[in-house]
Ligand code: HPA
Ligand code: ZN
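Numbering (the numbering used here), first residue to last: 20 to 349.
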């Protein structure tokens, strides 16, 4: 199965670039920027990566991102993710980035987007991997602050495909960002949002009805409400599921209890993703491997999951079809 998974062409649709920050690279960048981090060894870092909930993780994740200062830092971070993706037969990625994590510390929007975009350009040239960028608003901050970020992004609009919503979910429902999403859509950005990771089904309803999202990140808690499941299917919206993230953040206590198979049986369109691979113990193929093993997924299931990753990407129809044709040959 491992080599079968390795050989499947696939896309990744739920990936936070700040969550790909491996300790080795973090140490290297911290050193060249002369920034102190509270860890001395890779073992110490790994030990700190045990989480009881989303907030536990976010505290460490923002701390790690704080060593990123220069354009080259963002380039190195992103290019290193592409190098790992290339060897996993990843053909297309839709990368989320959190501008506010950096602009709040005085790093300019331009520095962040230029570093990431240049790595995307080089990855296409060197590996043939295509990519889109998704600008995510931090939901623990205010809508007013999200508007500032939206305005900062306008000069770089050609480099950004979609807007997303991430960070601490509970207490920060999608409706808090109703106006900024409306304005973002007016600018041509596609709306998506994290919903139903820790928040209940009501958060997913709001993402659909208030923000008009075209994709839902996580969405596990849709299963609490069968009318919601029906509505998601009716709108043909995909859920970007992240198995290793779910067990690391205790959203799912044991991989054997992961709701993925149930989601598929109900007719929900789901994809497999790594979310924050440096923190959750595995990149994209490892997510496929562990969920396959836990739920005894068939080769056909795996191919369907990979097909969904292209079908529910924001690629043009003819490019999607080329990838899907290749999958049909397997
Ligand atoms: N959920 C919410 N916010 C995040 C995540 C996540 O899984 N990863 C990075 N920011
Ligand atoms: Zn996420």
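We put the CB at the ideal spot given by N, CA and C, even for glycine. Keep in mind the model is a prediction, meaning the values are calculated, not measured.
Give a single yes or no on whether residue 85 has its beta carbon closer than 8 Å to a heavy atom of the ligand HPA. no
Would the beta-carbon of residue 223 fall within 9 Å of that of residue 183? no
Contact check, residue 104 vs residue 303, beta carbons under 9 Å: yes
Relative to the alpha-carbon of residue 177, which residue among 294, 207, 110 has its alpha-carbon at the smallest distance? 207
If residue 84 and residue 120 are in contact, beta carbons under 8 Å, what's the gap, nearest whole angstrom? 5 Å
Take residue 141 and list the residues in its own chain whose beta-carbon comes closer than 7 Å to its own, dropping the five residues that flank it on each side. 98
With respect to 8 Å, is the separation between the Cβ of residue 261 and the closest non-hydrogen atom of the ligand ZN below this value? yes
Determine the burial state of residue 45: buried for a count of at least 16 other Cβ atoms within 10 Å of its Cβ, exposed for fewer. buried
Report the rounded CA-to-CA distance for residue 255 versus residue 290, giving the unit in angstroms. 13 Å
Contacting residues, own chain, Cβ-Cβ under 7 Å from residue 138 (five flanking each side not counted): 94, 97, 98, 101
What ranges does the beta strand (DSSP E) occupy inside the stretch 179-232, keeping only unbroken runs of at least 3 residues that lie completely in it? 181-185, 209-214
Beta-bridge pairing of residue 234 - partner residues as DSSP gives them: 211, 257
Taking 8 Å as the cut-off, does the stretch 60-73 touch the stretch 257-273 (at least 3 CB pairs, one atom from each stretch)? yes
Ends of the beta strand (DSSP E) at residue 114? 109-116
For residue 225, count neighbouring Cβ atoms within 10 angstroms of its own Cβ and tell me buried if that reaches 16, exposed if not. buried
Can you give the beta carbon distance from residue 253 to residue 209, rounded, assuming they're within the 8 Å contact cut? Contact flag wrong, Cβ pair sits at about 19 Å.
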